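First the structure, in the form of structure tokens, and then the observations on it.
Number of protein chains: 2
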Amino acid sequence: MAVTITAFEHSPDRGRGLARDMRVRWALEEVGQPYDVRLLSFGAMKEPAHRKLHPFGQIPTYEDGDLVLFESGAIVFHVAEHHAGLLPSAAHARARAIAWMFAALNTVEPPIVDRASAILMERDKVWHGERLPILDDRVRNRLRELSSRLGEADWLDGAFSAGDLLMVTVLRRLIGSGILEEYPNLSAYVGRGESRPAYKRAFAAQLAVFAGTPQSG
Amino acid sequence: MAVTITAFEHSPDRGRGLARDMRVRWALEEVGQPYDVRLLSFGAMKEPAHRKLHPFGQIPTYEDGDLVLFESGAIVFHVAEHHAGLLPSAAHARARAIAWMFAALNTVEPPIVDRASAILMERDKVWHGERLPILDDRVRNRLRELSSRLGEADWLDGAFSAGDLLMVTVLRRLIGSGILEEYPNLSAYVGRGESRPAYKRAFAAQLAVFAGTPQSG
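Quick note, the sequences are listed as chains A and B, same order. With the numbering used here as the guide, the letters of the first sequence map in order to residues 1206 to 1422. With the numbering used here as the guide, the letters of the second sequence map in order to residues 1206 to 1422.
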């Protein structure tokens, strides 16, 4: 069955895999679900045709026959629920993996996005120099807690899950900040995610859009 | 079966129901699941005993026998998955309701929390007066899109769901800002949520903690 997702026509991160379609590509690769990609300009994302699919005019979306979904977390969850490989089958472990999905998106990602937004949108403001260290420390608070929980484990709760998939993509948004490297076990955790074959296929597919080479779905 | 959640011993919002235990209480009331509440001081939340349950040292948590969960979104989802009443049974409608859960927490809540954090933590900064209107406008951008999607409907996608439950609690964090009132259909939407009997029972229960009156679980 044909699955179609949407992604940026012009990658704002120059192909570093930080856009939210990366999460969905990775999940689809983990479960072996082929997919097509429809690329959108920034203008097209805000047009009524796309807003019918995504009320907030963003990417990614997910279309599978009559089903249209938005929100990367929800799409990853949908993929995980309908294929083996991203959620444990045992009920309690499954619920805990889902908790990590929400933790990645609702507890760890917000301070990381805040920091990135400030750098993008407030760097010309007089307060930027004083405010950025505050934002850095908010990120560090979360990372310290996450690092402490992860400890020496490979993944957050037993086997690799959709919770790890989302957490790794969230932590990757810190690339270039130097902050992730302050927590060696988190750095290694991200590295483990990036070394998964499914991750590599997804990364290559999103990079191909930026590089302008033909994409294999 | 005994379900236990955690909540603040001293309500930082003076019982207005803005703490994240409100979401869980409301979900449990919607499905008719009795629950006990263990109240925590701010100090106890950061102690190792609680961090075993919640790696980020926050409330709420959820305990049901051997199962321990954290993250309000994950707990609401767990309750919704194991009881009737918060997620549609039709597969596509269910997936869309879950998309709204993630949208509430990952797309709509972050700018609202940002704004609240700035008021709480940066009001003594010289930049606060210039920065607050920027934050207000980020909130308005999301609300305009949400308002446009909701239109004249009662709920975001068909019947009331866990997606509406989370979205209403997220929008309620704007109480007192005057911003929600700029979008009459969103204001009415929040009002519909607040008028549900389950909401009222949950609200009274969290208010009882603040008021110091005995709590019925």
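The beta-carbon is built from N, C-alpha and C at its ideal position, and this holds for glycine as well. These numbers come from a predicted model, not from an experiment.
For residue 1241 of chain A, the uninterrupted beta strand (DSSP E) run begins and ends at 1241-1245, by DSSP. Of the residues A/1208, A/1308, A/1377, A/1417, the one whose Cα lies closest to the Cα of residue 1234 of chain A is A/1208. Put simply, the CB of residue 1312 of chain A is near chain B, with a gap under 9 Å to one of its CB atoms.
Excluding its 5 nearest sequence neighbours in each direction, residue 1340 of chain B has C-beta neighbours in its own chain below 8 Å: 1316, 1319, 1320, 1323, listed in chain order. Taking C-beta atoms under 8 Å as the contact rule, residue 1306 of chain A and residue 1398 of chain A fail to qualify, at a distance of about 14 Å. Bridge partners of residue 1208 of chain B according to DSSP: B/1269.
Residues of the region 1349-1376 of chain A with a Cβ closer than 8 Å to any Cβ of chain B, in chain order: 1350, 1351, 1353, 1354. Of all residues in the region 1299-1310 of chain A, the ones placed with a Cβ closer than 9 Å to any Cβ belonging to chain B are 1300, 1301, 1303, 1304, 1305, 1306, 1307, 1308, 1310, in chain order. Residue 1274 of chain A carries a strand assignment under DSSP once its states are collapsed to helix, strand and coil. Within the same chain, Cβ atoms closer than 8 Å to the Cβ of residue 1356 of chain A are found at 1390, the five residues on either side in sequence being excluded. For residue 1315 of chain A, the C-beta contacts it makes with chain B under 7 Å involve 1315, 1318, in order along the chain. Here residue 1365 of chain B carries a coil assignment [DSSP, helix/strand/coil]. Within the region 1233-1262 of chain A, the residues whose Cβ lies closer than 9 Å to some Cβ of chain B are 1256, 1260, 1261, 1262, listed in chain order. With fewer than 16 other CB atoms across the displayed protein chains lying within 10 angstroms of its CB, residue 1335 of chain A is exposed. Close to chain B, meaning a Cβ-Cβ distance shorter than 7 Å, are the following residues of the region 1270-1285 of chain A: 1271, 1272, 1274, 1275, 1276, 1278, 1279, 1282, 1283.
Around the Cβ of residue 1246 of chain A, a 10 Å sphere holds fewer than 16 other Cβ atoms; the residue is exposed. At a cut-off of 9 Å between beta carbons, residue 1230 of chain B makes no contact with chain A. Under the three-state reduction of DSSP output, residue 1261 of chain A falls in the coil class, being neither helix nor strand. Burial is judged here by how many other beta carbons sit within 10 angstroms of a residue's own beta carbon; residue 1349 of chain A has fewer than 16 and is exposed. For residue 1335 of chain A, at least one C-beta of chain B is nearer than 9 Å to its own C-beta. Taking the Cα of residue 1212 of chain A as reference, the smallest distance to any Cα among A/1346, A/1254, A/1267 is reached at A/1267.
Neighbours of residue 1219 of chain A in chain B, taken as residues whose beta carbon is under 9 Å from its own, are absent, since the nearest beta carbon is some 24 Å off.
Flagged as an interface residue toward chain B: residue 1330 of chain A, by a C-beta distance shorter than 9 Å.
If you ignore the 5 residues before and after residue 1412 of chain A, its C-beta comes within less than 6 Å of the C-beta of 1220, all in its own chain and listed in chain order. Interface annotation, residue 1378 of chain B: not in contact with chain A, CB-CB separation never under 9 Å. As summarised for the region 1326-1372 of chain A, there are no continuous beta strand (DSSP E) elements at least 3 residues long confined to that stretch.
Per the Cβ contact rule, the region 1363-1377 of chain B is in contact with the region 1225-1234 of chain B (3 or more Cβ pairs under 8 Å). For residue 1397 of chain B, the nearest beta carbon of chain A is not closer than 9 Å to its own beta carbon.
At a cut-off of 9 Å between beta carbons, residue 1297 of chain A contacts chain B.
In this structure, residue 1275 of chain A places its C-beta atom within 9 Å of the C-beta atom of residue 1260 of chain A. Put simply, the CB of residue 1347 of chain B is near chain A, with a gap under 9 Å to one of its CB atoms. By the Cβ-count criterion, residue 1328 of chain B is exposed, with fewer than 16 other Cβ atoms from all chains shown falling within 10 Å of its own Cβ. Its Cα nearest to that of residue 1297 of chain B, the residue A/1284 stands out among A/1284, A/1300, A/1296. Going by beta carbons, residue 1242 of chain A and residue 1210 of chain A fall inside the 9 Å limit.
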